[in-house]
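In the UniProt record's numbering, the protein residues as written are 1 to 297.
A short worksheet on the structure shown next.
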């Protein structure tokens, strides 16, 4: 279904304003011999401002519906109630033959018809159009701007004059106040590099039974764990625990390493030499492979 609520002034020709789930011809319009089919409509005249179940909880506007053609019992129905309910119109005091009711409707264009003494009909006081079922109906337009204006008018009427004056005085005083100056936090300079050794590291070289050494150990335990290093950097000889703390000349035996070297020689006399050397501590093992190269290779 295409939404055409943006139309502000629909023409009087057949206009696809809203696709109706229940056309007014079937459930409402009575047969020629009597108004027996009208009994299917429910009467919700117990509250003039009651919201119909067919309406959503969105923004609604009170629409004044009037019928000026007289009658004893006058009802209004239409797409406002999804064509399955009716709202009773009550006589207006001082206006003979005039019936009115206040109905909450959503903004948009709505089809309506009037049930006067059991006869479904339209009123010439409202514009008419033809719906999808080729039925002659009246239509009303509700603009969202009208709903906002009604809310503002109701709020201004309910507001206390003293409160309105206080609001005006507060707004005037706020306008005369000086604008607040934004606060800026000073940017801290980056930490400078120093050559001084921290005190807890100096205390770590003290005697193990001294209080300074115990405090240094407690301070080191509270430090953040450093990130892990690769294997060839995590276990060097200088980072290993020494056998004698006070004798730097006694070092641990370093880990042995096996190195492989691969080399090739330039082709001489049609022969290519490839060598592989494996070194383990002080021993070297070199393997040389010779391969003749010919024109077919």
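Note that beta-carbon positions come from the ideal geometry of N, C-alpha and C, so glycine has one too.
Candidates 143, 218 and 120, of which the one nearest residue 83 by Cα: Of the residues 143, 218 and 120, the one whose Cα lies closest to the Cα of residue 83 is 120.
Buried versus exposed call for residue 58 [16 or more other C-beta atoms within 10 Å across all chains shown]: The pLDDT assigned to residue 58 is 42, lower than 50, so where the model puts this residue is not dependable; a value taken from the coordinates is nonetheless given after this. It is exposed - the Cβ of residue 58 has fewer than 16 other Cβ atoms within 10 Å.
Segment limits, alpha helix (DSSP H) that includes residue 201: Run containing residue 201: 199-203, per the alpha helix (DSSP H) assignment.
Rounded distance between the beta-carbons of residue 100 and residue 92, thought under 8 angstroms: That belief holds up - the Cβ atoms of residue 92 and residue 100 are roughly 5 angstroms apart, short of 8 angstroms.
First and last residue of the uninterrupted beta strand (DSSP E) at residue 292: Note, residue 292: beta strand (DSSP E), 283-292.
Straight-line gap, residue 80 to residue 96 (C-alpha atoms, nearest Å): Each residue's Cα considered, the two are about 27 angstroms apart.
Per-residue DSSP class, three states only, for residue 214: Residue 214 falls in the helix class under three-state DSSP.
Top-ranked residue by Cα proximity to residue 277, from 290, 268, 262 and 291: For the residues 290, 268, 262 and 291, the minimum Cα distance to residue 277 belongs to 262.
For residue 286 and residue 275, believed in contact at Cβ under 8 angstroms, the rounded distance: The C-beta distance from residue 275 to residue 286 rounds to 6 angstroms, short enough to fall under 8 angstroms.
Residue burial classification, residue 267 (beta-carbon count within 10 angstroms, cutoff 16): Classification of residue 267: exposed, given that the 10 Å Cβ count is below 16.
Contact set for residue 219: own chain, Cβ-Cβ below 8 angstroms, skip 5 residues either direction: Excluding its 5 nearest sequence neighbours in each direction, residue 219 has C-beta neighbours in its own chain below 8 angstroms: 200, listed in chain order.
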